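Asks:
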Ligand code: SIN
């Protein structure tokens, strides 16, 4: 397992800031077990969510890894999630939580207003954006599993369990949270459908 904790300490893009926007797209949407100052629905451009990252430490084991969310680059795509304004001291425990292959990256994010609209879209005012931080498991990390038929991914998720619980709970909670955000995500909803057929 690649423990990225030390590497992430060096990725101190927001040093000197009193608060940072963290963008969650996976379990960070529905499991906010950290302190935050505020949270806002938001999205990022050019990324798609995929269950392509292996989980040996949370939702699976080294012998039978589960699958969890990461992001892949996709031109024109929009990925919805939840942004949390946090103080920098929250990053150390997050680095430990996300240690199996996830590295801190800086991305531009756009906030969604309380009615679910992009800020400024109808009023013509400027869209509200900020720099944000994501935890990204890229395809060169050792736990990356990559693409597989949806039925195989659903089977793997149905059977995997780890210290944080059943892998299927991760997928079902994420699908529910995305629905609550009013977010479209064909990959996640198709996987949820497959899982429920098993
Ligand atoms: C995230 O939720 O933003 C990162 C991946 C995860 O912890 O599930």
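Numbering (my numbering), first residue to last: 914 to 1111.
Note that beta-carbon positions come from the ideal geometry of N, C-alpha and C, so glycine has one too.
Small disclaimer: the values here were computed from a predicted structure and weren't measured.
#1: I want to check one thing, is the minimum distance from the CB of residue 1015 to the heavy atoms of the ligand SIN below 7 Å?
#2: Can you find the residues in the same chain that come closer than 7 Å, C-beta to C-beta, to residue 921, ignoring five residues on each side of it along the sequence?
#3: Hey, how far is the Cα of residue 1012 from the Cα of residue 1050?
#4: Below 7 Å CB to CB, which residues in the same chain sit around residue 1083 once its five sequence neighbours on both sides are set aside?
#5: If we ignore side chains and look at the alpha-carbon of each, how far apart do residue 945 and residue 1026 end up?
#6: Based on Cα-Cα distance, which residue from 969, 1077, 929, 954 lies nearest to residue 1056?
#7: Does the distance between the C-beta of residue 981 and the nearest non-hydrogen atom of the ligand SIN fall short of 7 Å?
#8: Please state whether the Cβ-Cβ distance between residue 1104 and residue 1071 is less than 8 Å.
#9: Closest to residue 949 by C-alpha separation, out of 956, 1043, 1003, would be which residue?
#10: Mark residue 1088 as exposed unless 16 or more other C-beta atoms lie within 10 angstroms of its C-beta, in which case mark it buried.
#11: Three-state secondary structure (DSSP) at residue 947?
#12: Comparing alpha-carbon positions, which option in 1094, 1107, 966 lies nearest residue 1053?
#13: Between which two residues does the beta strand (DSSP E) carrying residue 1019 extend?
#14: For residue 926, count the other beta carbons within 10 Å of its own beta carbon; 16 or more makes it buried, fewer makes it exposed. Which is it?
#15: Please list, in chain order, all residues of the same chain as residue 985 whose beta carbon is under 8 Å from its beta carbon, the five residues on each side excluded.
#16: Quick one, which of 954, 976, 996 has its alpha-carbon nearest residue 947's?
#17: Thinking C-alpha only, which one of 991, 1063, 929 is nearest residue 1096?
Replies: In terms of the structure at hand:
#1: Yes, the ligand SIN has a heavy atom inside 7 Å of this Cβ.
#2: Its chain contains 1008, 1016, 1017 as the residues whose beta carbon lies nearer than 7 Å to that of residue 921, once the 5 sequence neighbours on both sides are disregarded; these appear in chain order.
#3: Cα to Cα, the separation comes out at about 10 Å.
#4: For residue 1083, where only same-chain residues beyond five positions count, the Cβ hits under 7 Å are 940, 972, 981.
#5: Using only the alpha carbons, I get a separation of about 20 Å.
#6: Among 969, 1077, 929, 954, the Cα nearest to that of residue 1056 is on 969.
#7: Residue 981: yes, Cβ under 7 Å from the ligand SIN.
#8: Not in contact: residue 1104 and residue 1071 (Cβ atoms no closer than 8 Å).
#9: It is 1003 whose Cα lies nearest to the Cα of residue 949.
#10: If you draw a 10 Å sphere on the C-beta of residue 1088, you find 16 or more other C-beta atoms in it, and that means buried.
#11: In this structure, residue 947 counts as coil in the three-state DSSP scheme.
#12: The shortest C-alpha separation from residue 1053 is found at 966.
#13: For residue 1019, the enclosing beta strand (DSSP E) stretches over residues 1016-1024.
#14: Label assigned to residue 926: exposed.
#15: Correct list, in chain order: 960, 961, 963, 965, 1052.
#16: Selected option, being the one with the closest Cα: 996.
#17: That would be 991, whose Cα lies nearest to the Cα of residue 1096.
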